[in-house]
Amino acid sequence: MIWNETFECMSREDMRRCQSRRLIDTVERVYHNVPFYRKKMQEMGVTPEDIHGIEDLPRLPFTTKKDLRDNYPYGLFAVPMSEIVRIHASSGTTGKPTVVGYTRKDLATWSEVMARTMTAAGITRHDFVHVAYGYGMFTGGFGAHGGAEKIGASVIPISGGNTRRQLQIMHDFGSTALACTPSYALHLAEALLESDYKRDEFKLRTGTFGAEPWTENMRREIEEKLRIKAIDIFGLSEIIGPGVSSECTCQDGLHVFEDHFVPEIIDPKTLEALPEGADGELVFTTITKEGLPLLRYRTYDLTSLDYSPCRCGRTLVRMKKCYGRSDDMLIIRGVNVFPSTVESVLLDMKETSPHYLLIVDRQSALDTLELQVEVDGNYFTDRISELQNLTNRIQHTMESALQVSLKVKLVEPKTIARSEGKAVRVIDKRKLS
Ligand code: DLL
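Numbering-wise, our numbering puts 262 at position 259 of the sequence shown, and it's gapless, one number per residue.
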C-alpha cells in the first residue's frame, strides 16, 4: 500500500519540476523573512532571482546546528511567533537545546509524511500502534502519533519506559505495530522472553524503528526475538522529526519524502556536492516548511543515495541505512549526546579538570553511559564524603545538561591517558556492526 501515489510514484522529471518550484518559493521566503539567510546570501553574492531550480542548490549557503545555536531560540524562524503552534527541541552541541517550531501547515505536513511512513511499513487503519517513543520535547512520540492517527489506526500513546507495563498493555490491548528506538525494541524483546507471557499471546507483527543507528544484525535479532518485521525510519528534529525517510516492506533503502525535503550528498571535508551514488554526508533543504525552513542543513549523517525505482513502485530516491556520523555525536537511548557538552560543563566546575572519558556500553539491550573524570590536583582529597558529594553534584549537573542518566566515576589527577594527537574522549563498546 502507498499512502500518496501522486507524490510517492511521481516520474523523476515531474519530481524535479515540483522540487524546483517549491525551492524557488522557499528561497524567496527565507531571503525576505530570515535576516540570517539574507545576510549569508548577500555575502555569497546570491539573490533569489539567481535560483531557477534544484540544479542551483550548490549556490545556496549551508546551515548547521551551530547556526541554530547562535540564533537561539527562535532566530531562524520565518514566521511571526503567533503562527507557531508547536515547539520541540533536541540536544544542541554545548548544552543549549536546538529549538524547532511548526505552523499548523507544518504539523499537517508532518502527519502526512508519517502517514506515508506507517503505510510503507505495512501499517493500516486496522492496526493498533503502540507508540513507545518518548512524548515531550523529543519528536519521536508526537511524530509517530500524528502519522498513525492520520491513517486511522488505533493509537496507544504509552510513551517510553516502564517495560513491564509496556508488555502488559501490549498484551492486553492487542498492539500489532510497535514504534520505538531499535535498542528499546530489543530490550522489550528480551523482557518478553524473560517474562511469564508467551509470544503467541501477543498480536505484534511489525515495527517502525529509528532515532539511532542500528545494523542489519540488530534488525535480524529484533525480527527473530519479537517475530515481527522491523522497518527502519529516519528523521531529525531540524527537518521535521521522524518522517524524513522510511523503508518500505522491501527493506531495501529508505525512501526520502523528497517532495518536502531535498537530499544532497556532500564531501564533509571539501563541502562539494558528490555525484549520484557516492558515500558522504547527507544534507537536506526543506521546500515546504513554513516555521523553520532550512537551506542545505548539514545532518552529519553518512550515507548514499540511490535514484533507481524500488520494487514497491515508489520512485522516491532511497538513502542507504546510515552507517555513521562525520561529527562526534553519540546517541544514547535515543538521546543525542555531544562530548562537547560534557567538556563545557566540566570547564565550569573548579573541582574537576577537563580530562574525561565517556564509556558507552550496552547491557540487556539498553545503552549505559559512564563518565570518568579527573579531580583537579588542587582539590584532591581522600575524604570519602567530600568525594561522594562532588560525584553527586557532577552527576546532577551532567544529567540535566545531557538529558540522559549516567554514572560518574572520579579518578585521581593525571590518570586518564593523554593522547598526542586527537584526544580519545569516547570509548563506545556497543557492538554496532
Ligand atoms: O531522532 C527523530 C526520529 C524519531 C527519527 C523517531 C526516527 C524515529 P533527533 O533527536 O533530532 O531526531 O536526532 C536526529 O538521529 O541526525 C541521526 O543521526 C539519528 N537518526 C535518526 N533516525 C535514524 C536512523 C530524531 N533510522 C539524529 N538510523 C539524526 C540512524 C538515525 N540514525
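All residues carry an ideal CB built from backbone N, CA and C; glycine is no exception.
As assigned by DSSP and simplified to three states, the class of residue i
{"i": "phenylalanine 237", "result": "strand"}
{"i": "glutamine 171", "result": "helix"}
{"i": "glutamine 375", "result": "strand"}
{"i": "phenylalanine 264", "result": "strand"}
{"i": "tyrosine 359", "result": "strand"}
{"i": "glutamine 366", "result": "strand"}
{"i": "isoleucine 154", "result": "coil"}
{"i": "leucine 285", "result": "strand"}
{"i": "phenylalanine 205", "result": "coil"}
{"i": "serine 249", "result": "strand"}
{"i": "arginine 299", "result": "coil"}
{"i": "serine 436", "result": "Summary for serine 436: the model assigns pLDDT 45, below 50, so the residue's position carries little reliability, and this model does not support an answer."}
{"i": "threonine 106", "result": "strand"}
{"i": "histidine 258", "result": "strand"}
{"i": "valine 348", "result": "helix"}
{"i": "phenylalanine 131", "result": "strand"}
{"i": "phenylalanine 145", "result": "helix"}
{"i": "arginine 321", "result": "strand"}
{"i": "phenylalanine 10", "result": "helix"}
{"i": "threonine 306", "result": "strand"}
{"i": "phenylalanine 39", "result": "helix"}
{"i": "aspartate 385", "result": "coil"}
{"i": "leucine 79", "result": "coil"}
{"i": "cysteine 315", "result": "coil"}
{"i": "alanine 404", "result": "helix"}
{"i": "isoleucine 419", "result": "coil"}
{"i": "asparagine 339", "result": "strand"}
{"i": "isoleucine 87", "result": "strand"}
{"i": "leucine 437", "result": "Because the chain in this structure spans residues 4 to 436, residue 437 falls outside the shown range and cannot be described."}
{"i": "lysine 228", "result": "helix"}
{"i": "valine 30", "result": "helix"}
Beta-carbon contacts of residue i that lie in its chain and below 8 Å, excluding the five residues immediately before and after
{"i": "arginine 15", "result": "Tyr310 and Thr318"}
{"i": "asparagine 36", "result": "Ala81 and Val82"}
{"i": "valine 427", "result": "Leu360 and Ala420"}
{"i": "leucine 350", "result": "Pro357"}
Nearest-angstrom beta carbon gap, residue j and residue i [assumed within contact, 8 Å]
{"i": "histidine 258", "j": "cysteine 313", "result": "7 Å"}
{"i": "serine 162", "j": "glycine 137", "result": "6 Å"}
{"i": "threonine 209", "j": "alanine 180", "result": "5 Å"}
{"i": "glutamate 284", "j": "isoleucine 269", "result": "5 Å"}
{"i": "leucine 405", "j": "glutamine 398", "result": "At roughly 11 Å, the Cβ-Cβ gap does not stay under 8 Å, so leucine 405 and glutamine 398 are not in contact."}
{"i": "phenylalanine 287", "j": "threonine 306", "result": "Their Cβ separation, rounded to whole angstroms, is 12 Å, which puts phenylalanine 287 and threonine 306 out of contact at 8 Å."}
{"i": "threonine 66", "j": "leucine 308", "result": "At roughly 20 Å, the Cβ-Cβ gap does not stay under 8 Å, so threonine 66 and leucine 308 are not in contact."}
{"i": "glycine 337", "j": "alanine 151", "result": "No, glycine 337 and alanine 151 are not in contact; Cβ-Cβ is about 18 Å, not under 8 Å."}
{"i": "proline 296", "j": "arginine 32", "result": "6 Å"}
{"i": "lysine 432", "j": "aspartate 385", "result": "With a Cβ gap of about 30 Å, lysine 432 and aspartate 385 do not count as contacting."}
{"i": "lysine 68", "j": "threonine 29", "result": "Between threonine 29 and lysine 68 the Cβ distance is about 20 Å, and since that is not below 8 Å, they are no contact."}
Other residues of its chain near residue i: CB distance less than 6 Å, five sequence neighbours each side excluded
{"i": "valine 49", "result": "Arg62"}
{"i": "serine 94", "result": "Asn339"}
{"i": "glutamate 293", "result": "Val82, Thr106, Lys108 and Asp109"}
{"i": "methionine 332", "result": "Asn339 and Phe341"}
{"i": "valine 102", "result": "Pro76 and Ala92"}
{"i": "aspartate 130", "result": "Ala156, Thr179 and Ala180"}
{"i": "glutamine 375", "result": "Leu360, Lys412 and Val414"}
{"i": "isoleucine 334", "result": "Glu215"}
{"i": "lysine 153", "result": "Ser114 and Ala118"}
{"i": "glutamate 46", "result": "none"}
{"i": "glutamate 346", "result": "Pro357"}
Contacts around residue i, its chain only, beta-carbon distance under 7 Å, and the 5 residues preceding and following it disregarded
{"i": "serine 23", "result": "Gly56 and Ile57"}
{"i": "serine 436", "result": "Caution applies to serine 436, whose pLDDT of 45 falls short of 50 and renders its modelled position unreliable; the value that the coordinates give is listed next. Same-chain partners within the cutoff: Thr218."}
{"i": "isoleucine 5", "result": "Glu11, Cys12, Thr122, Gly316 and Arg317"}
{"i": "serine 261", "result": "The sequence given here has glutamate at residue 261, not serine. Closer than 7 Å at Cβ, skipping near neighbours: Met18, Gln22, Leu319 and Val320."}
{"i": "alanine 194", "result": "Thr166 and Leu170"}
Short CB-CB distance (under 7 Å) between residue i and chain B
{"i": "aspartate 351", "result": "You won't find chain B in this structure, because it holds only one protein chain."}
Original post:
With a cut-off of 8 Å, do at least 3 Cβ pairs link the stretch 58–67 to the stretch 363–382?
Top reply: Between the stretch 58–67 and the stretch 363–382, the count of C-beta pairs closer than 8 Å stays below three; the two stretches do not touch.
Subject >> Three CB pairs or more closer than 8 Å across the stretch 244–259 and the stretch 226–234 >> reply: Judged by Cβ distances under 8 Å, the stretch 244–259 makes contact with the stretch 226–234, as three or more pairs qualify.
**OP:** Assess, as a yes-or-no matter, whether the stretch 207–224 is touched by the stretch 177–191 under the definition of 3 or more beta carbon pairs within less than 8 Å.
**Re:** Verdict: yes, contact present.
Subject >> contact_flag[the stretch 112–131, the stretch 70–79] where n(CB pairs < 8 Å) is 3 or more >> reply: The stretch 112–131 vs the stretch 70–79: no contact.
Subject >> Stretch pair the stretch 146–156 + the stretch 164–177: three plus CB contacts closer than 8 Å >> reply: The stretch 146–156 vs the stretch 164–177: no contact.
Original post:
Does the pairing of the stretch 320–337 with the stretch 119–127 give three or more beta-carbon distances under 8 Å?
Top reply: Between the stretch 320–337 and the stretch 119–127 there are fewer than three inter-stretch CB-CB distances shorter than 8 Å, so the stretches are not counted as touching.
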